[in-house]
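Asks:
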Amino acid sequence: MDLILWRHAEAVPGSDTLADLDRPLTPKGQRQAKRMGEWLNRVLPESARILVSPALRTQATAEALERRFKTVAGLAPDGTIEHLLMETRWPQARDVTVVVGHQPTLGLAAAYLMGAAHVTADNAWRIKKGAIWWIRAKPMASGELVVTTVAVRTPDLL
Numbered sequence: 002m003d004l005i006l007w008r009h010a011e012a013v014p015g016s017d018t019l020a021d022l023d024r025p026l027t028p029k030g031q032r033q034a035k036r037m038g039e040w041l042n043r044v045l046p047e048s049a050r051i052l053v054s055p056a057l058r059t060q061a062t063a064e065a066l067e068r069r070f071k072t073v074a075g076l077a078p079d080g081t082i083e084h085l086l087m088e089t090r091w092p093q094a095r096d097v098t099v100v101v102g103h104q105p106t107l108g109l110a111a112a113y114l115m116g117a118a119h120v121t122a123d124n125a126w127r128i129k130k131g132a133i134w135w136i137r138a139k140p141m142a143s144g145e146l147v148v149t150t151v152a153v154r155t156p157d158l159l
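Numbering-wise (the numbering used here), the sequence shown opens with residue 2 and increments by one.
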């Protein structure tokens, strides 16, 4: 299974008058999403599943792919690794799966999947805004699951 963790691009800061789920992308965030979306479209198979948090900033980030996607409530900012793994069907899914979501959940998931011990929200791996971590799980004949990092990309380096 290939799992791509894509953190939403830069969004306007939260405020007392703007609900967290309603935060739009900044102009810089729109450029980040476009750049990463173009790169992903070059490397993703047509069959890739795209799962997205209901937050406006993740929806806008995913729209840069110009592909159909599924909004998943369990991927909201208060989502858990357990929800992420369940929704993606890790590691059994056959399709490449893209998750467009939030910190710290994405960083926690990356650390957990790559074998880090004692991961908490306080020491979660940091995924930059607009960046992706591409993680692959490959079952071996012995039954062992080998997990590797295929790519880590930020929109500024594309």
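All C-beta atoms in this analysis are idealised placements derived from N, C-alpha and C, irrespective of residue type, glycine included. Only a predicted model underlies this, so the values are computations on that prediction, with no experimental measurement involved.
1. Going straight from the alpha carbon of Gly144 to that of Ala138, what length do you get?
2. What residue range is occupied by the uninterrupted beta strand (DSSP E) comprising Val101?
3. Who are the near neighbours of Tyr113 in its chain, counting only those whose CB is closer than 8 Å to its CB and skipping five residues on each side?
4. Is any beta-carbon of chain B found at less than 7 Å from that of Met37?
5. Taking only the alpha-carbon atoms, compute the straight-line gap between Val73 and Thr106 and give it to the nearest angstrom.
6. Taking Arg43 as the reference, give the member of Glu67, Gln104, Thr59 and Arg24 with the closest Cα.
7. Going by the beta-carbon positions, is the gap between Val1 and Trp135 smaller than 7 Å?
8. Candidates Asp157, Leu76, Val53 and Ala111: which alpha carbon is nearest Lys130's?
9. Where DSSP assigns a beta bridge to Arg154, which residues make up the other side?
10. On a Cα-Cα basis, can you pick out the residue from Asn124, Ala111 and Ala117 that is closest to Ile133?
11. Is Trp7 helix, strand or coil by DSSP?
12. Kindly list the residues whose CB is nearer than 7 Å to the CB of Pro55, restricted to its own chain and excluding five residues on each side of it in sequence; keep chain order.
13. Where do the N-terminal and C-terminal ends of the alpha helix (DSSP H) with Val44 fall, by residue?
14. Which partner residues of Ser16 appear in the DSSP bridge assignment?
Replies: According to the data block:
1. When rounded, the distance between both Cα atoms is 12 Å.
2. Taken as a continuous stretch (DSSP letters only), the beta strand (DSSP E) holding Val101 covers Thr98 to Gly102.
3. Around Tyr113: Ile82 and Val120.
4. Checking the listed chains, one finds no chain B in this structure; it contains a single protein chain.
5. Near 14 Å, if we compare the C-alpha coordinates of Thr106 and Val73.
6. Answer by Cα proximity: Glu67.
7. Nothing about residue 1 can be reported from this structure: the residues present for the chain run from 2 to 159 only.
8. Nearest C-alpha to Lys130: Asp157.
9. Per DSSP, the beta bridge partners of Arg154 are Ile133.
10. The residue with the shortest Cα to Cα distance from Ile133 is Ala111.
11. Note: Trp7 maps to strand in three-state DSSP.
12. Leu22, Thr72, Ala74 and Ala77, listed in sequence order.
13. Per DSSP, Val44 is one residue of the alpha helix (DSSP H) stretching across Pro28 to Val44.
14. According to DSSP, which records beta bridges pairwise, Ser16 is partnered with Leu19.
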